Every structure is written in C-alpha cells, then in structure tokens.
Amino acid sequence: MTRADGLLLLLLGVGIGMLFRIYWTANLPAQEVAISSPAGTSHYPLHTPRRIQVNGPIGVTTLEIDNDAVRFVASPCRQQICVRSGWHRRGGAVAACVPNRISVLLHGEDPDYDGFSY
Amino acid sequence: MKQTLIGLGLCALLAWGIWRQPPSSPGVQHREFFAMGTLMQISFADPVPAGLMNRIQTELRAFEQRWSPRGDGELAQLNRQLTQHAQAPLPPVLRPGFVASQQACRSSDGLFDPGMGALVKLWGFDDESHFRTTPPEPETIALALAQRGKLCRAELDAKLSVDVPGAYFDFGASAKGRAIDAIVALLRNNGVHNAIVNAGGDLKAIGQRADRLWRIGIRHPRPQDAQDILASLSVKDGEAVFSSGDYERFFISEGTRYHHIIDPRDGYPATTSQSATVVHTSAELADAAATALFVAGPQRAAEIMGRMGITHYLLVDAQGDTHTSPEMRARLDGLP
Numbered sequence: 001m002t003r004a005d006g007l008l009l010l011l012l013g014v015g016i017g018m019l020f021r022i023y024w025t026a027n028l029p030a031q032e033v034a035i036s037s038p039a040g041t042s043h044y045p046l047h048t049p050r051r052i053q054v055n056g057p058i059g060v061t062t063l064e065i066d067n068d069a070v071r072f073v074a075s076p077c078r079q080q081i082c083v084r085s086g087w088h089r090r091g092g093a094v095a096a097c098v099p100n101r102i103s104v105l106l107h108g109e110d111p112d113y114d115g116f117s118y
Numbered sequence: 001m002k003q004t005l006i007g008l009g010l011c012a013l014l015a016w017g018i019w020r021q022p023p024s025s026p027g028v029q030h031r032e033f034f035a036m037g038t039l040m041q042i043s044f045a046d047p048v049p050a051g052l053m054n055r056i057q058t059e060l061r062a063f064e065q066r067w068s069p070r071g072d073g074e075l076a077q078l079n080r081q082l083t084q085h086a087q088a089p090l091p092p093v094l095r096p097g098f099v100a101s102q103q104a105c106r107s108s109d110g111l112f113d114p115g116m117g118a119l120v121k122l123w124g125f126d127d128e129s130h131f132r133t134t135p136p137e138p139e140t141i142a143l144a145l146a147q148r149g150k151l152c153r154a155e156l157d158a159k160l161s162v163d164v165p166g167a168y169f170d171f172g173a174s175a176k177g178r179a180i181d182a183i184v185a186l187l188r189n190n191g192v193h194n195a196i197v198n199a200g201g202d203l204k205a206i207g208q209r210a211d212r213l214w215r216i217g218i219r220h221p222r223p224q225d226a227q228d229i230l231a232s233l234s235v236k237d238g239e240a241v242f243s244s245g246d247y248e249r250f251f252i253s254e255g256t257r258y259h260h261i262i263d264p265r266d267g268y269p270a271t272t273s274q275s276a277t278v279v280h281t282s283a284e285l286a287d288a289a290a291t292a293l294f295v296a297g298p299q300r301a302a303e304i305m306g307r308m309g310i311t312h313y314l315l316v317d318a319q320g321d322t323h324t325s326p327e328m329r330a331r332l333d334g335l336p
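Those protein sequences? They're chains G and V, same order as listed. The first sequence maps to residues 1 to 118 in this note's numbering. The second sequence maps to residues 1 to 336 in this note's numbering.
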C-alpha cells in the first residue's frame with residue numbers, strides 16, 4: 001500500500017463517518033438555542049458559555065448559556081416565571097418571558113420526549 | 001488487487017450514502033407563538049398546511065378576547081352586568097363553556113370554581129399588572145369567599161341567573177383547555193393527522209409521531225440536576241395531558257410561599273399538593289380536573305377524580321410522595 005492509498009482510505013473513512021453522523025444518527029441532543037424577540041431571532045451554540053441581553057417591549061431580558069443549557073437570569077416581568085423555570089437543556093424544549101415577548105427554543109430532538117407537561 | 005477492491009468497496013459505500021434518503025420522517029417541525037397568556041408550540045409530524053398558522057392565531061386572539069374577564073369581550077361585559085344585577089343575558093358563544101364549567105364545578109364538589117374570579121383577582125394572579133408580593137387582608141378574603149358556589153348554583157338558559165349580584169367569573173383554569181380542543185379540531189379539519197398542541201406545558205396529541213406514539217415527559221415539581229422529569233407516558237390520539245403546580249406562579253412573603261391555585265373553601269393557596277397531572281380526551285375537562293385534583297390533595301384525590309370521570313391522574317403531595325390511579329400507574333414510565 002502506497003502513501004496515496006493510505007490517504008485515500010483515510011479520506012473515505014472520514015467521509016463515511018460524516019455521512020453516518022448526518023443520516024443515521026437521529027435525535028441529537030440540543031446543540032443550539034434560538035432566542036426570539038419582537039426584533040427577530042438569533043441562534044447561539046450551547047457549547048459556548050455566554051450571557052445575552054435581549055430587548056423586549058418592557059425592558060431587557062438577560063439569558064445565560066453554560067454547560068450545554070440555557071436559562072433566564074433576569075427579566076423585567078413581575079412574576080419571574082421565566083427565571084424560575086431554571087435551566088433548559090432538552091432538545092425541543094421551549095421557555096419564555098411572556099410579558100417581554102422573549103422566547104427560547106432548543107434545537108435538536110430529545111431522544112426520550114416529544115413534549116413536556118408542567 | 002486487494003487494495004483496489006477495498007478502495008472500490010469504500011467508494012461504492014460512500015456513493016450509496018450520498019444518494020440515500022434520510023430515515024423516513026424522523027423530523028418534527030415546531031411553530032411557536034404567544035397566545036392565551038403563554039407561549040404556544042405546535043409540533044407537526046405532518047407537513048404544515050399553508051396559511052394554517054395565521055388562521056390559528058386569529059382564532060386564538062378572538063377566543064382570548066371572548067373569554068377574558070377584563071376588557072371588552074363577551075365575558076368581560078357579562079361580568080360588568082353581574083356586578084349590579086343577579087341576572088344577565090348569557091351570550092350564546094359563551095354558553096357551552098359555562099355549561100361545561102358548571103358541570104365540572106358540581107362534580108368536583110366546588111373545588112374547581114370559576115365563580116371565584118374575585119378571589120383570584122384579589123390575590124393578584126389574574127394579570128401580570130396585578131401581581132403582588134404580600135397576601136391580601138383576611139377580611140377581604142372573607143368577603144370574596146361569599147361568591148363561592150355561584151356557578152354551581154347558577155341557572156344557565158338564555159340568561160344567567162345567580163342568587164345575588166356581585167358575581168365575577170374567571171375561566172383561567174379551563175379556558176386554555178377549551179382553546180386547545182378548538183385548535184385540535186381546526187388542525188384535524190385542515191388535514192393535520194399527527195401533531196401536538198402545547199400551551200405552556202398543557203397539551204393535546206393528534207395521531208402519533210412516525211411509527212410510535214407521542215412521548216411526554218411530566219416535569220418534576222422540585223427538579224434536581226439529575227432529575228428534571230418525574231415520569232413519562234405515551235399519549236394516544238386525542239388525549240390531553242394537563243398539569244397544575246405551585247412552582248411557577250407564586251410570591252414569597254415573610255418566608256411563606258403563596259402560589260396561584262386558590263382553595264375555594266378557605267380563600268388561601270391550597271397546601272396539600274406540589275403538582276397534579278390529569279389525562280383525558282377533553283382538554284377542557286383535563287384543565288379543570290388538574291386544578292380540582294391539586295386542591296383536593298391526596299385525601300380526596302380518588303373521590304374527586306371519580307366524580308369527575310377522570311381515570312388517569314398523578315398527584316405529588318406536599319411531602320413529595322406520589323399518588324396515582326391504577327390506570328395511570330400502568331402507563332407511567334420512570335415513576336419511583
């Protein structure tokens with residue numbers, strides 16, 4: 001086997017691995033969060049810790065991404081339901097500050113659940 | 001020769017992978033929007049018909065205005081008339097909801113009571129702008145308790161008649177269920193055979209997801225990092241799952257937690273439960289029954305659910321112990 005043969009085999013192996021990832025691995029855990037406000041929707045990877053401030057009709061909502069999860073840290077709403085909902089990490093999960101019209105949707109299908117009752 | 005065969009084999013496999021279609025319909029499309037005072041999510045396992053989401057949101061806006069106890073809708077106007085009179089015309093569009101809620105009020109022995117709207121308003125849980133941080137004075141609670149049972153006893157014909165003026169109805173504990181039933185009917189009529197309608201954690205299923213039933217996680221009322229889901233169940237076509245709990249809408253005053261599920265018997269937040277979950281084919285009844293179950297607590301859970309015709313329920317009591325009907329227990333996975 002020449003070096004060129006080895007390189008070809010390596011490339012083919014990597015290519016097949018990528019195809020397996022794309023086509024055969026269903027129900028990936030959440031890897032990205034979409035944060036929506038009346039101004040639009042922004043997408044953030046869940047593997048990069050950060051704090052995000054989003055403007056809504058009644059003020060600024062602060063969200064935090066850490067450990068592959070997202071949570072509402074602070075919001076100008078009075079009942080603080082969004083803050084109390086805690087960390088969200090399951091694919092397909094949604095949460096919102098309704099008074100400030102800020103919502104989050106975690107992209108990725110949860111392998112165990114299609115919806116949550118609470 | 002051997003290397004050539006291996007290379008050709010891998011190339012053939014790669015080509016087949018590129019041209020191969022993904023597994024059949026594993027994906028679900030989600031649509032989110034604000035309505036009924038919450039974030040609604042519809043998950044489609046079928047294609048989303050063009051224009052349907054706009055129609056759903058239009059229907060929900062009309063529904064919300066109609067059933068809001070405040071503003072200019074039909075219920076708000078009725079409430080205003082009942083502050084001065086013991087009798088008022090009952091708008092035909094409200095009548096089915098009043099009849100269903102009266103039935104639930106009676107069968108729950110008054111533990112679900114939309115006639116206690118004044119009490120909910122007094123506690124400030126009816127609207128974000130009314131939210132308070134201290135409990136109301138006991139005297140004002142006692143006055144509001146005088147409204148108890150008005151819907152149970154009311155006469156519902158072309159007119160609504162109550163015993164004395166001053167009734168104030170708030171269907172916050174059943175209107176969401178009624179709205180979900182209406183949206184599910186609208187989806188079915190427009191060719192959607194597989195979807196979930198989820199209104200802030202209360203949901204109803206249509207059909208199933210690909211080759212299996214929709215699977216629902218019931219959130220733990222006191223979640224820990226290792227366990228945020230209390231149990232799960234697979235829901236059948238047309239089943240609704242509704243939960244009520246003390247963990248989201250509350251305030252703490254002098255170390256005491258005051259949540260939004262008010263016991264109509266004493267006018268204070270019910271203290272015997274952390275969460276209640278009900279499964280039924282009517283989302284409207286499931287909504288009302290989840291509230292009644294929470295207020296009933298473990299002592300009266302089986303009795304009240306039996307009276308309301310609910311066979312599937314799960315209650316977490318104030319100590320964190322779980323109580324289920326045998327039918328529900330048989331369908332739950334992961335319950336300790």
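Every residue gets a Cβ at the ideal spot worked out from N, C-alpha and C, and that includes glycine. Predicted model, so just to flag it, every value in this text is computed and none were measured.
- For G:D110, the closest of V:Y258, V:G217 and V:P49 by C-alpha to C-alpha distance is V:G217.
- Taking 8 Å as the threshold, the shortest C-beta distance from G:Q31 to chain V does not fall below it.
- Among the bridge pairs identified by DSSP, V:E128 is matched with none.
- When rounded, the separation of the alpha-carbon atoms in V:E59 and V:M40 is 13 Å.
- Around V:Q41, the beta-carbon contacts reaching into chain G at under 7 Å are V94.
- The three-state reading of DSSP puts V:S68 in coil, since its state is none of H, G, I, E or B.
- Non-local C-beta neighbours of V:R329 in its own chain, meaning closer than 8 Å and more than five positions away in sequence, comprise L335, ordered along the chain.
- Distance from the CA atom of V:P136 to the CA atom of V:M116, rounded to whole angstroms, is 15 Å.
- As the crow flies, the alpha-carbon of V:F171 is around 59 Å from that of G:V14.
- Contact between the region 259-275 of chain V and the region 232-240 of chain V is absent: fewer than 3 CB-CB pairs across the two stretches fall below 8 Å.
- The DSSP assignment places complete beta strand (DSSP E) segments of no fewer than 3 residues inside the region 36-101 of chain V at 38-44 and 87-89, in order along the chain.
- If you look at V:K176, you'll find it isn't in any beta strand (DSSP E); it sits in the alpha helix (DSSP H) that goes A175 to N189.
- DSSP, reduced to helix, strand and coil, places V:T291 within a helical segment of the structure shown.
- V:R331: not part of any beta strand (DSSP E); member of the alpha helix (DSSP H) spanning P326 to R331, first to last residue.
- V:K121 carries a helical assignment under DSSP once its states are collapsed to helix, strand and coil.
- At a cut-off of 8 Å, the C-beta of V:W67 has no neighbouring C-beta in chain G.
- In this structure V:E64 does not touch V:P91 by the C-beta definition: roughly 16 Å separates them, more than the 8 Å allowed.
- The beta carbon of V:C152 is closer than 8 Å to those of Q102, C105, R106, G110, D113 and G115 in its chain, skipping five residues each way along the sequence.
- Those residues of the region 314-328 of chain V placed with their C-beta closer than 7 Å to a C-beta in chain G do not exist.
- Taking C-beta separations shorter than 6 Å and ignoring five residues to either side along the sequence, the partners of G:I102 in its chain run S37, V54, G56 and T61, following chain order.
- Between V:A240 and V:L187, the C-beta gap is not smaller than 8 Å, which leaves the two residues out of contact.
- V:P223 is positioned such that its CB atom lies no closer than 8 Å to that of G:G92.
- Here DSSP, grouped into helix, strand and coil, assigns V:V192 to coil.
- Contact check between the region 74-88 of chain G and the region 125-133 of chain V: three or more CB pairs, one atom from each, fall below 8 Å, which counts as touching.
- At the C-beta level, V:A205 and V:D237 come within 8 Å of one another.
- By the C-beta density criterion, G:P99 is buried, having at least 16 other C-beta atoms within 10 angstroms.
- Non-local C-beta neighbours of V:T38 in its own chain, meaning closer than 7 Å and more than five positions away in sequence, comprise A199 and G200, ordered along the chain.
- The C-beta distance from G:L46 to G:A69 rounds to 7 Å, short enough to fall under 8 Å.
- Residues of the same chain with a CB within less than 7 Å of the CB of V:I261, apart from the 5 flanking positions on each side, are S244, D246, P269, A270, T291, F294 and V295 in chain order.
- Chain order gives the chain G residues near V:N198 as G115, where near means a beta carbon separation below 7 Å.
- Under the rule that a run must span 3 or more residues, the beta strand (DSSP E) segments found entirely inside the region 195-227 of chain V read 195-199, 202-206 and 214-219.
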